[in-house]
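Undergrad: Have a look at the structure that comes next, please.
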Amino acid sequence: MNNIFDKIREQIFNVVQNAFKACEQKGTLPHVQISDMSVEVPRERNFGDFSTNVAMQVSKQTKLPPRKTAELLSGEFDFTGTYIERTEIAGPGFINFYLSRDWLYDCVRIIQEKRERYGEVDLGKGMKVNVEFVSANPTGPLHMGNARGGALGDCLASVLKKAGYDVTKEFYINDAGNQIEKFGMSLEARYLQLVLGEDKVEFPEDGYHGEDIIEHAKAYFSQHGDSLMDKPSEERRRILVDYALPINIQRIRDILSAYGIEYDVWFSEKTLHDNGDVKRVVDYLTEKGYTLEKDGAIWLNGEKLGLEKDEVLIRNTGVPTYMAADIAYHYNKLVTRGFDLAIDLWGADHHGHVARMKAAITPFGLKKEQLEIVLFQLVRLFRNGELARMSKRTGKAIALEDLLEEVGRDAARFFFNLKSAGSHLDFDLDLAVKQSNDNPVFYVQYAHARICSMLRKLAEEGIRGKPVQEVDLTLLKEKEEIELMRKLSEYPEEIALSAKTLEPSRLTRYVMEVAAGFHSFYNACRVKGEEEELMMARLILVDCTRIVIRNILELIKIEAPEKM
RNA sequence: GUGCCAGUAGCUCAGCUGGAUAGAGCAACGGACUUCUAAUCCGUCGGUCGGGUGUUCGAAUCAUCUCUGGCACGCCA
Numbered sequence: 021m022n023n024i025f026d027k028i029r030e031q032i033f034n035v036v037q038n039a040f041k042a043c044e045q046k047g048t049l050p051h052v053q054i055s056d057m058s059v060e061v062p063r064e065r066n067f068g069d070f071s072t073n074v075a076m077q078v079s080k081q082t083k084l085p086p087r088k089t090a091e092l093l094s095g096e097f098d099f100t101g102t103y104i105e106r107t108e109i110a111g112p113g114f115i116n117f118y119l120s121r122d123w124l125y126d127c128v129r130i131i132q133e134k135r136e137r138y139g140e141v142d143l144g145k146g147m148k149v150n151v152e153f154v155s156a157n158p159t160g161p162l163h164m165g166n167a168r169g170g171a172l173g174d175c176l177a178s179v180l181k182k183a184g185y186d187v188t189k190e191f192y193i194n195d196a197g198n199q200i201e202k203f204g205m206s207l208e209a210r211y212l213q214l215v216l217g218e219d220k221v222e223f224p225e226d227g228y229h230g231e232d233i234i235e236h237a238k239a240y241f242s243q244h245g246d247s248l249m250d251k252p253s254e255e256r257r258r259i260l261v262d263y264a265l266p267i268n269i270q271r272i273r274d275i276l277s278a279y280g281i282e283y284d285v286w287f288s289e290k291t292l293h294d295n296g297d298v299k300r301v302v303d304y305l306t307e308k309g310y311t312l313e314k315d316g317a318i319w320l321n322g323e324k325l326g327l328e329k330d331e332v333l334i335r336n337t338g339v340p341t342y343m344a345a346d347i348a349y350h351y352n353k354l355v356t357r358g359f360d361l362a363i364d365l366w367g368a369d370h371h372g373h374v375a376r377m378k379a380a381i382t383p384f385g386l387k388k389e390q391l392e393i394v395l396f397q398l399v400r401l402f403r404n405g406e407l408a409r410m411s412k413r414t415g416k417a418i419a420l421e422d423l424l425e426e427v428g429r430d431a432a433r434f435f436f437n438l439k440s441a442g443s444h445l446d447f448d449l450d451l452a453v454k455q456s457n458d459n460p461v462f463y464v465q466y467a468h469a470r471i472c473s474m475l476r477k478l479a480e481e482g483i484r485g486k487p488v489q490e491v492d493l494t495l496l497k498e499k500e501e502i503e504l505m506r507k508l509s510e511y512p513e514e515i516a517l518s519a520k521t522l523e524p525s526r527l528t529r530y531v532m533e534v535a536a537g538f539h540s541f542y543n544a545c546r547v548k549g550e551e552e553e554l555m556m557a558r559l560i561l562v563d564c565t566r567i568v569i570r571n572i573l574e575l576i577k578i579e580a581p582e583k584m
């Protein structure tokens, strides 16, 4: 048993179920089917350690007021072999369970035994999951949307791993299609401007206007001179793209790596075109009657898939659209490579694509649920209380690179993981760099450093912890100690919930609560200088706290400093 | 115009598969360092959960209408 919550839920469920049976035998209650019985930690401490709503849930079946049902059940409760000491009926019919503190001490023992593996749950049961995130166009620098998506995706992948999923992290390189055409066009125009003079060559209106395009052209020119001038335009563009694209991709890899993100797979869109997958997928859809021809193009039949409108798959020029490639890509993930589930993180501006993408995989015998899209809202940066659009350094739109330089990796990752994906994020640049009490990053890191410092100080005096089996944990009974143990006990639950809801941000908020619990404990209780037995018990508790904080910081890839 | 997301304390946000008196941080105010790190802690103040109606034992949570903000509606991705 590594999740104390599961154990307690099981105990409470059994106690309740046996009570129902006893009532049924006595004839005081009819036979009931227990469904939707919740066992939760109540909001208020004086409502007990755990509480269930079962009496309310079955009120329709018992045809009795919930409180009455609760009373009848309570009369039959048998707590033998459980943590439960007593119960109370409260409110509209809640049954509140008051537990012996042994459950907390057992939890401490679990943490001591599991160490860095504490928090693992087997929700995924080895299910193969592909988490795809960032997947930025390799035609320019990474922006704030990529930064948020990166932090969320990376942490989600870590959480899913911890929850027992077999996770693959993936970056989809959009190295084919329209934007690459534009990239080539833009590079060519800059190159020609360089050779012929800026005013001699007009820059395409819908080209990429960024400084980086000019830099690529300059760099190529300085290495190869005007050798491209006697080549046909098409070849010239291809050569320039072949030159600049790998540089951009490498740059993206480097910045993401500095951001703490390492992918398992870098998947090239181009390979899907080159090996015929895109064509095959469209042909299959056509064969099965999911496409129609209109104006010389091949469209995905919206009506047949329950969509609002049709979508072009193959343009009348014969060139496939992004949609066609995306279908082939998801086919590749879910069929060719056999992932049970694909999770994509997209900026909220792509929400219109969600329904069609999920629908588009169904003709292949896949279920819509096998593709989960996590949408995240866009980011606004604030500096000096004002909307910050531009980088201090470059005067251009703020890139991930600029953000890392300004606030650092820890703050960036922490802040992007603080708010749920669905809420708009206002990122306070000043707060993120502030080394003070209102910066949550430091708050958590400080708790960890403080613990390490305590352990160091004790070690200097030759005091070291004992194995938990030799320690009397029942000495931990101060309010702050109890609260801290409770908080630590929730960790596996938090992992499970984060994984279920695909919301890694709750873990960031949770670790702040752990840190708060520790700081309160620290101010209320001493370790060093206390009587030996108590000191040893508290040492265990402090060590458990260190384990959990470090565990989570590692998971969200934020440094856990031993000194501050 | 249609669709999606959001609207909760002065600010930033949790809570949303219906549950008890709606929470946290920041800000404001008042306290706590001769003792393991005060980057900390303790306390006070702060709310018509955008508004209306409905569903029910019970609604911040579900339905519906409405207001406000963001986004999307392309042979772009």
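When we follow this note's numbering, the leftmost residue of the first sequence carries the number 21, and every step to the right adds one. From the three backbone atoms N, C-alpha and C, an ideal C-beta is built for every residue, glycine too.
Entirely within the region 396-468 and at least 4 residues each: give me those alpha helix (DSSP H) ranges in chain order.
TA: Runs of the alpha helix (DSSP H) spanning 4 or more residues and lying entirely within the region 396-468 occur at 420-436, 449-453, in chain order.
Undergrad: In the DSSP output, which residue or residues are listed as bridge partners for residue 5?
TA: Residue 5 is absent from the model: the chain starts at 21 and stops at 584.
Undergrad: With distance defined between alpha-carbon atoms, name the residue in 551, 195, 338, 390 nearest to residue 353.
TA: Taking the first sequence and counting its residues from 1, one reaches residue 353 at position 333. Comparing Cα-Cα distances from residue 353 to each of 551, 195, 338, 390, the minimum goes to 390.
Undergrad: Give me the Cβ distance between residue 59 and residue 70, rounded to the nearest whole Å; I'm assuming they're in contact under 8 Å.
TA: By 1-based counting over the first sequence, the position of residue 59 is 39. By 1-based counting over the first sequence, the position of residue 70 is 50. Residue 59 to residue 70, Cβ: 6 Å. Contact.
Undergrad: If you follow the beta strand (DSSP E) that residue 97 is in, where does it begin and where does it stop?
TA: Reading the first sequence from its first residue, position 77 is the one you call residue 97. If you look at residue 97, you'll find it isn't in any beta strand (DSSP E); DSSP assigns it neither H nor E.
Undergrad: Would you mind working out which of 522, 77, 22, 198 sits nearest residue 133, comparing C-alpha positions?
TA: Taking the first sequence and counting its residues from 1, the one referred to as residue 133 is at position 113. Among 522, 77, 22, 198, the Cα nearest to that of residue 133 is on 22.
Undergrad: Just how far apart, CA to CA, sit residue 396 and residue 371?
TA: In the first sequence, the residue the question calls residue 396 occupies position 376. In the first sequence, the residue the question calls residue 371 occupies position 351. Rounded to the nearest angstrom, the two C-alpha atoms are 9 Å apart.
Undergrad: In the DSSP assignment, what residue or residues form a beta bridge with residue 60?
TA: For the purposes of this step, residue 60 is taken as residue 40 along the first sequence, with counting starting at 1. In DSSP, residue 60 forms a bridge with 71.
Undergrad: Taking 8 Å as the cut-off, does the region 128-143 touch the region 154-172 (at least 3 CB pairs, one atom from each stretch)?
TA: no
Undergrad: Exposed or buried, residue 584, counting other C-beta atoms within 10 Å across all chains shown (16 or more means buried)?
TA: Reading the first sequence from its first residue, position 564 is the one you call residue 584. It counts as exposed.
Undergrad: Have a look at 38, 580, 347, 514 and flag the residue whose alpha-carbon is nearest the alpha-carbon of residue 463.
TA: Looking up residue 463 in the first sequence gives position 443. It is 580 whose Cα lies nearest to the Cα of residue 463.
Undergrad: By Cβ distance below 6 Å, which residues in the same chain neighbour residue 566 in space, the five residues on each side in sequence not counted?
TA: Against the first sequence, residue 566 aligns to sequence position 546. Excluding sequence positions up to five before and after residue 566, its CB lies within less than 6 Å of the CB of 471, all in the same chain and listed in chain order.
Undergrad: Can you tell which of 160, 479, 150, 32 has its C-alpha closest to the C-alpha of residue 57?
TA: In the first sequence, the residue the question calls residue 57 occupies position 37. Measuring from the Cα of residue 57, the nearest candidate turns out to be 32.
Undergrad: Got a sec? Which residues, its chain only, sit under 8 Å from residue 503 by beta carbon, not counting five neighbours each side?
TA: In the first sequence, counting from the first residue as 1, residue 503 sits at position 483. Closer than 8 Å at the Cβ level, and outside the excluded window around residue 503, lie 537, 540, 541.
Undergrad: As a quick exercise: from 568, 330, 382, pick the residue whose alpha carbon is nearest that of residue 347.
TA: Taking the first sequence and counting its residues from 1, the one referred to as residue 347 is at position 327. Minimum Cα distance to residue 347 is reached at 382.
Undergrad: What number of angstroms, rounded off, separates the C-alpha of residue 427 from the C-alpha of residue 278?
TA: Taking the first residue of the first sequence as position 1, residue 427 is located at position 407. Taking the first residue of the first sequence as position 1, residue 278 is located at position 258. Each residue's Cα considered, the two are about 13 Å apart.
Undergrad: CA-CA distance, residue 194 and residue 368?
TA: Looking up residue 194 in the first sequence gives position 174. Looking up residue 368 in the first sequence gives position 348. Going by the C-alpha atoms only, they are around 19 Å apart.
Undergrad: Taking only three categories from DSSP, how would you classify residue 311?
TA: By one-based count along the first sequence, residue 311 stands at place 291. Reduced to three states, the DSSP call for residue 311 is strand.
Undergrad: Using the Cα positions of residue 476 and residue 465, report the straight-line distance between them to the nearest angstrom.
TA: Here residue 476 refers to the residue found at position 456 when the first sequence is read from its first residue. Here residue 465 refers to the residue found at position 445 when the first sequence is read from its first residue. Rounded to the nearest angstrom, the two C-alpha atoms are 16 Å apart.
Undergrad: Does the Cβ-Cβ distance between residue 399 and residue 434 come in under 9 Å?
TA: Against the first sequence, residue 399 aligns to sequence position 379. Against the first sequence, residue 434 aligns to sequence position 414. For the 9 Å CB-CB criterion, residue 399 and residue 434 do not form a contact.
Undergrad: Report back the beta-carbon spacing between residue 514 and residue 526 to the nearest angstrom; my notes put them in contact at under 8 Å.
TA: Here residue 514 is taken as the residue at index 494 of the first sequence, counted from 1. Here residue 526 is taken as the residue at index 506 of the first sequence, counted from 1. Yes, residue 514 and residue 526 are in contact; Cβ-Cβ is about 6 Å, under 8 Å.
Undergrad: Quick check: the region 212-228 against the region 310-321, are at least 3 beta-carbon pairs closer than 8 Å?
TA: In short, these stretches do not touch, since the Cβ pair count stays below three.
Undergrad: Does DSSP classify residue 118 as helix, strand or coil?
TA: The residue labelled residue 118 in the question sits at position 98 within the first sequence. It is a strand residue.
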